[in-house]
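Asker:
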Amino acid sequence: MKITSIESFVLCDKLKQSFYFSQWEYSERKICIVKVTSDTGHVGWGEGYGPAGMIKAGIEHLTPFVIGQHPLETETIWSIMYRRTMDFARSGVLVSAISAIDVALWDLKGRILELPVHILLGGKKRDTIIPYATGMYFTDDSVMSDALSKEAVHYAQLGYKGMKMKVGLDIEADIANVKTVREAIGPDIDLMIDANHAYNLREAVQLANAVEKYNIYWFEEPISPEYYDQYSELRTKTSIPIAGGECEYLRFGFQTLLKSRSVDIVQPDICASGGLSEAKRIAAIASVYGVEVIPHTWGSGIAIAAAMHFVANLDSMPGRLKSPTSYIEYDQTENGLREELTTTDMIFDNGLIVISDTPGLGFEVNEDALYKYAQSPQNGLRIEESIIVQT
Ligand code: MG
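Using the numbering used here, the letters of the sequence shown correspond one by one to residues 417 to 807.
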């Protein structure tokens, strides 16, 4: 059994309405996905999180080292990919490229063995997980308050038990927006805030102290991810749990984050931090520190499925008779790629997602949608140009 081809695709969806967060504006959604084929005729799909064109270049760099390998040997292939790149990039987009191929290999392994990935990871430890809605980005200041409360109420009506809003524009506006959302959704829904590292320590303390009364479930990326000591100091100055890790890579990066006691909740992105193989190791390190893992998820149904299988397999932290909430991030912003690229039998029902037992990652890729978004005029790519095949 051997891997015979690796194809990568940059897909783009131009948004009807732009939105922005504390760092920059989104006017399009662009992702890199990868398809790995074995000589058995099976295929597996993966996705990388980050700049799509650079991840595609990384996948092309890694391809010759993966072709010809045994498709079930995910750990062996991960080690080969890492050794071939570690001298140049122990974080960043090359690790995202490794992640994309690794996720595709787990999907491929599941399809070959006819088992769901959560079984291959070691077992399904829960039947359902709880998605929290990610949305409430910034749009037009003049209607912000009204738009925010409408959006929040919409998520509540859909049955979400938790939701995450953006902060990081300026502290006074953030306080007003958090108040608006909390009043709109009432006291029983978990509310997270995410600054995308917009603030320094002084500002983060100021915002945290001002919004504590709104019962914030966690404060995500308050400070730039380099400042581990400032994260740990912030934790001593607020009762709000601090979350972070979406800009961290590999078990080594997460070891630094955890050792510095920077976060209460650690958020590896499966499609950036090293794939499912490395996410298992990151979770093992987090368990040593007794820190909860709730992955960051942003992208197509491939990334969402990878995160779902990972969370299905996660140990509860801590273990107890009545298990704590197992959250998964569920992006609700406009994204045709997420809606159209994959179909899955995972069911969202009354605020819960029932984990799929379908082999692999449990989705099918709609190749019509793949060609549509690869060929879209705004992408500027022809499908022929976006495929790399080596056999
Ligand atoms: Mg975030």
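All C-beta atoms, glycine included, are put in the ideal place defined by N, C-alpha and C.
Quick one: grab the DSSP three-state call for Met552.
Answerer: coil
Asker: Between which two residues does the beta strand (DSSP E) carrying Leu478 extend?
Answerer: Bounds of any beta strand (DSSP E) do not take in Leu478; it lies within the alpha helix (DSSP H) bounded by Ala468 to Val482.
Asker: Can you tell me whether Ile763 is buried or exposed? The criterion is at least 16 other CB atoms within 10 Å of its CB, across all chains shown.
Answerer: exposed
Asker: Going by C-alpha distance, which of Gly508, Val509 and Leu478 is nearest Ser495?
Answerer: Leu478
Asker: Looking only at its chain, what residues have a beta carbon closer than 8 Å to the beta carbon of Pro711, apart from the 5 residues adjacent to it on each side?
Answerer: Gln683, Pro684, Asp685, Ile686, Ala695, Ala723, Phe726, Val727, Ile744 and Glu745
Asker: Do you know offhand how far Glu489's Cα is from Trp461's?
Answerer: 16 Å
Asker: If you follow the alpha helix (DSSP H) that Ile587 is part of, which residue opens it and which one closes it?
Answerer: Ile587 to Ile601
Asker: Mind checking Pro734: buried by the 16 CB within 10 Å criterion, or exposed?
Answerer: For Pro734, the number of other beta carbons within 10 angstroms of its own is below 16, and it is reported as exposed.
Asker: Under 8 Å: do the stretch 573-592 and the stretch 611-618 share three or more Cβ pairs, one atom per stretch?
Answerer: By the C-beta criterion, the stretch 573-592 is judged to be in contact with the stretch 611-618, since at least 3 inter-stretch pairs fall below 8 Å.
Asker: Could you check the C-alpha separation between Ser577 and Met552 for me, to the nearest Å?
Answerer: Checking the sequence, you will find Lys at residue 577 rather than Ser. When rounded, the distance between both Cα atoms is 15 Å.
Asker: In or out: Met608 buried (at least 16 other Cβ within 10 Å) or exposed?
Answerer: buried
Asker: With DSSP as the reference, identify every bridge partner of Ser648, one or two as the case may be.
Answerer: Partner(s): none; Ser648 has no beta bridge.
Asker: Decide if Gly539 is buried, meaning its Cβ has at least 16 other Cβ atoms within 10 Å, or exposed.
Answerer: With fewer than 16 Cβ atoms within 10 Å of its Cβ, Gly539 is classed as exposed.
Asker: Helix or strand or just coil, what does DSSP make of Lys566?
Answerer: helix
Asker: Applying the 10 Å Cβ sphere with the 16-neighbour rule, what's the burial state of Thr596?
Answerer: buried
Asker: Decide if Gln573 is buried, meaning its Cβ has at least 16 other Cβ atoms within 10 Å, or exposed.
Answerer: exposed
Asker: Taking 6 Å as the cut-off, is the beta-carbon of Asp610 closer than that to any non-hydrogen atom of the ligand MG?
Answerer: yes
Asker: What's the C-alpha gap between Gln622 and Val426?
Answerer: 41 Å
Asker: Who are the near neighbours of Trp634 in its chain, counting only those whose CB is closer than 6 Å to its CB and skipping five residues on each side?
Answerer: Only Met608, Pro657, Ala659 and Ile681 meet the Cβ criterion.
Asker: If we call anything under 7 Å between Cβ atoms a contact, is Cys448 one with Lys472?
Answerer: yes
Asker: Between the C-alpha atoms of Ile514 and Asp562, what's the straight-line distance to the nearest angstrom?
Answerer: 42 Å
Asker: Around the C-beta of Lys582, are 16 or more other C-beta atoms found within 10 angstroms, so that it is buried, or is it exposed?
Answerer: In this structure Lys582 is buried. Its beta-carbon is surrounded by 16 or more other beta-carbon atoms within 10 angstroms.
Asker: Using only the alpha-carbon positions, how far apart do Gly661 and Ser676 sit?
Answerer: Gly661 and Ser676: Cα-Cα distance of roughly 13 Å.
Asker: Among Met579, Pro467, Ile517 and Asp731, whose alpha-carbon lies nearest the alpha-carbon of Ser421?
Answerer: Ile517
Asker: So, for Ala699: in the same chain, excluding its five sequence neighbours on each side, which residues have a beta-carbon less than 7 Å away from its beta-carbon?
Answerer: Val709 and Leu730
Asker: Going residue by residue through the stretch 604-656, where are the continuous beta strand (DSSP E) segments of at least 3 residues, counting only ones entirely within it?
Answerer: 606-610 and 632-636
Asker: Hey, how far is the Cα of Arg697 from the Cα of Gln433?
Answerer: 39 Å
Asker: So which of Ile769, Thr652, Ala785 and Gly706 has the shortest CA-CA distance to Ile545?
Answerer: Ile769
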